[in-house]
Amino acid sequence: MKIFFKTYGCQMNIHDSEIMKGLLVRAGHDLVPEIKSADLVIINTCSVREKSQNKVYSLMGRLKKNGYRVGVTGCVAQLEAKKLKDDYGADFVLGTRALSSIVKAVAGEKDLDLEDHLSDLKYSAAIRDQKRHAWVNIITGCDKFCTYCIVPYTRGREISRPMNDILEEVNSLVSSGYTQITFLGQNVDSYGKDLKDGTSLAKLLEAAQSLAGISRLWFLTSYPSDITDELIETVAKHSNISRNFHIPAQSGSDELLKRMNRRYTRENYMELIAKIRSNVEGVTFGGDIIVGFPDESDEDFEETLSLVKTVRYVRLNVAPYSERQGTVASKIYKDDVPYQVKKSRMAKLVSIQHGIEKELNEKIVGDVVEIIVENSTDDHSYGRTIDNRMVFVDEELPEGEIVKAEIVAFKEGKLYGRLSGRKVSTVVK
Numbered sequence: 009m010k011i012f013f014k015t016y017g018c019q020m021n022i023h024d025s026e027i028m029k030g031l032l033v034r035a036g037h038d039l040v041p042e043i044k045s046a047d048l049v050i051i052n053t054c055s056v057r058e059k060s061q062n063k064v065y066s067l068m069g070r071l072k073k074n075g076y077r078v079g080v081t082g083c084v085a086q087l088e089a090k091k092l093k094d095d096y097g098a099d100f101v102l103g104t105r106a107l108s109s110i111v112k113a114v115a116g117e118k119d120l121d122l123e124d125h126l127s128d129l130k131y132s133a134a135i136r137d138q139k140r141h142a143w144v145n146i147i148t149g150c151d152k153f154c155t156y157c158i159v160p161y162t163r164g165r166e167i168s169r170p171m172n173d174i175l176e177e178v179n180s181l182v183s184s185g186y187t188q189i190t191f192l193g194q195n196v197d198s199y200g201k202d203l204k205d206g207t208s209l210a211k212l213l214e215a216a217q218s219l220a221g222i223s224r225l226w227f228l229t230s231y232p233s234d235i236t237d238e239l240i241e242t243v244a245k246h247s248n249i250s251r252n253f254h255i256p257a258q259s260g261s262d263e264l265l266k267r268m269n270r271r272y273t274r275e276n277y278m279e280l281i282a283k284i285r286s287n288v289e290g291v292t293f294g295g296d297i298i299v300g301f302p303d304e305s306d307e308d309f310e311e312t313l314s315l316v317k318t319v320r321y322v323r324l325n326v327a328p329y330s331e332r333q334g335t336v337a338s339k340i341y342k343d344d345v346p347y348q349v350k351k352s353r354m355a356k357l358v359s360i361q362h363g364i365e366k367e368l369n370e371k372i373v374g375d376v377v378e379i380i381v382e383n384s385t386d387d388h389s390y391g392r393t394i395d396n397r398m399v400f401v402d403e404e405l406p407e408g409e410i411v412k413a414e415i416v417a418f419k420e421g422k423l424y425g426r427l428s429g430r431k432v433s434t435v436v437k
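Start counting at 1 in the sequence shown, then tack on 8, and there's your number in the working numbering.
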């Protein structure tokens with residue numbers, strides 16, 4: 009059967025699709041690059057925000073109208089299986105912990121195992137989108153239950169994979185030519201807590217970085233109060249572990265953090281940033297902010313602006329609050345910040361963040377940085393620095409190659425570099 013995948017959402021969803029693709033190809037199916045060539049379309053869904061969920065229903069309506077067979081997986085499938093089948097005609101629905109049943113579902117079987125056992129999942133079967141950089145799931149689920157977040161209800165409680173299983177997968181990937189690994193988890197810093205054997209993200213990174221062939225290790229996403237001194241020390245002492253911490257703050261207001269059930273204060277967050285900055289040379293930060301959470305006042309928003317200006321993120325995701333049915337916030341708080349106010353606050357925050365990024369990136373113009381190439385197209389390549397900055401160069405280079413480039417410009421949100429003896433990108437002349 010010819011199958012097309014459409015994936016929405018986070019890196020975890022992207023990797024889930026890679027796993028399902030691998031299982032289906034092993035079973036004799038073919039993957040196609042366009043919907044028009046497919047016998048079956050599988051939509052791997054995201055429910056973090058209403059907009060992404062609505063995209064799923066819109067696409068399903070168009071596909072069924074045109075006679076396609078459609079399967080739905082992921083977070084929306086976990087939440088709304090009956091609606092997807094009864095109202096939208098999904099041919100099968102599999103939730104977030106039923107990946108191993110994808111082959112049976114495509115074959116039309118009805119008796120499906122709806123709960124995977126992580127140790128039984130064939131991670132090695134994954135057909136990965138990149139040739140040298142691989143996603144590796146180390147923990148699924150989340151136990152934090154932030155009031156706005158649907159993830160604990162779609163992904164379940166935290167379950168860590170045994171370290172030996174992860175390292176076996178990493179070794180297999182390295183043997184296949186992969187040089188960069190990103191460890192994934194909704195709350196990656198909680199890795200190992202449920203195993204109760206002393207396992208931790210720091211110990212996993214320590215073990216993985218020593219493997220021959222590993223150029224760089226990444227990890228995301230972090231929860232502030234779960235970042236340990238052990239983790240900070242591990243990152244600081246190894247040159248092949250990312251110098252970027254992606255730590256969502258969500259708000260700079262203590263009142264809103266409390267209403268969000270974020271389990272830390274603004275002061276806690278800022279102390280953590282200061283600790284990491286003083287211990288990890290050349291570190292940068294990424295983060296997430298929610299604008300317009302219920303009852304967010306002008307003063308609350310100003311506190312968030314103040315936090316962003318102080319932290320100086322190299323990359324920041326900003327999103328308006330989107331009420332998700334079934335969360336605590338949807339039950340006890342009214343979504344009372346008007347859309348236009350959310351829009352105005354977002355625009356102000358994004359403008360400030362763009363200014364910060366401009367300052368941070370212009371500051372390194374003239375520096376020589378090491379990048380690992382991630383993609384090449386039309387005589388251009390881009391790679392990533394150890395502190396998570398993308399650099400574009402005028403040369404088609406193999407994915408995974410490590411090169412040094414002089415930063416020559418920051419223009420329209422992008423860094424441009426020049427390899428030794430090579431011309432400056434025509435984009436910035």
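Idealized CB from N, CA, C, for every residue including glycine.
Nearest by alpha-carbon distance to residue i: which of the options is it?
i: Trp226; options: Tyr161, Ser247, Tyr277, Asp173; result: Ser247
i: Gln217; options: Ser233, Asp237, Asn179, Leu192; result: Asn179
i: Val144; options: Gln188, Val111, Gly103, Val114; result: Gln188
i: Lys44; options: Ala106, Val78, Leu212; result: Val78
i: Val33; options: Val288, Leu213, Ile11; result: Ile11
i: Val316; options: Ala113, Leu357, Ser108; result: Leu357
i: Glu176; options: Pro41, Leu219, Val111, Tyr16; result: Leu219
i: Gly17; options: Met9, Pro41, Ile27, Cys54; result: Cys54
i: Tyr329; options: Arg105, Asp205, Arg320, Gln348; result: Gln348
i: Ser183; options: Ala257, Gly221, Val101, Met278; result: Gly221
i: Leu423; options: Ile372, Ser384, Ile394, Leu405; result: Ile372
i: Glu420; options: Asp395, Ala413, His362, Ser384; result: His362
Are residue i and residue j closer than 9 angstroms when you measure CB to CB?
i: Met268; j: Arg163; result: no
i: Ala215; j: Met171; result: yes
i: Tyr390; j: Val377; result: no
i: Leu213; j: Ser168; result: no
i: Asn325; j: Gly374; result: no
i: Ile340; j: Thr155; result: yes
i: Ile379; j: Val345; result: no
i: Val243; j: Val299; result: no
i: His388; j: Glu409; result: no
i: Val401; j: Leu427; result: yes
i: His37; j: Val101; result: no
i: Leu87; j: Gly425; result: no
Give the DSSP-derived three-state secondary structure of residue i in the structure shown.
i: Asp306; result: helix
i: Val182; result: helix
i: Pro328; result: strand
i: Ile255; result: coil
i: Val288; result: coil
i: Met398; result: strand
i: Val373; result: coil
i: Ala115; result: coil
i: Asp38; result: strand
i: Glu238; result: helix
i: Ser314; result: helix
i: Gln188; result: strand
i: Leu280; result: helix
i: Asp296; result: strand
i: Asn269; result: coil
i: Ala417; result: strand
i: Asn195; result: coil
i: Gly30; result: helix
i: Val358; result: helix
i: Ser109; result: helix
What distance in whole Å lies between the Cβ atoms of residue j and residue i, which are believed to be in contact at a cut-off of 8 angstroms?
i: Phe253; j: Ser230; result: 6 angstroms
i: Val291; j: Ile284; result: 6 angstroms
i: Tyr96; j: His141; result: Not really, about 35 angstroms apart at Cβ, beyond 8 angstroms.
i: Glu382; j: Arg392; result: 6 angstroms
i: Ile146; j: Arg332; result: The pair is not a contact, with the Cβ atoms about 25 angstroms apart (cut-off 8 angstroms).
i: Leu92; j: Lys14; result: Wrong, their Cβ atoms sit about 14 angstroms apart, outside the cutoff.
i: Glu407; j: Gln138; result: 7 angstroms
i: Ala337; j: Arg57; result: So it is not a contact: roughly 13 angstroms between Cβ atoms.
i: Met9; j: Leu107; result: In fact, because the Cβ distance is near 18 angstroms, the residues do not count as touching under 8 angstroms.
Is residue i near the ligand GTP - that is, is its Cβ less than 8 angstroms away from at least one heavy atom of it?
i: Phe13; result: Ligands in the displayed structure: none, and consequently the ligand GTP is not present.
When burial is assigned at 16 or more other CB atoms within 10 Å of the CB, is residue i buried or exposed?
i: Glu307; result: exposed
i: Asp197; result: buried
i: Ser250; result: buried
i: Gly193; result: buried
i: Gly103; result: buried
i: Gly200; result: buried
i: Lys350; result: buried
i: Arg165; result: exposed
i: Pro302; result: buried
i: Asp386; result: exposed
i: Asn52; result: buried
i: Ala355; result: exposed
i: Asp237; result: exposed
i: Ser286; result: exposed
Establish whether the CB of residue i and some CB of chain B are separated by less than 9 angstroms.
i: Glu177; result: Looking for chain B here will not work: only one protein chain is present.
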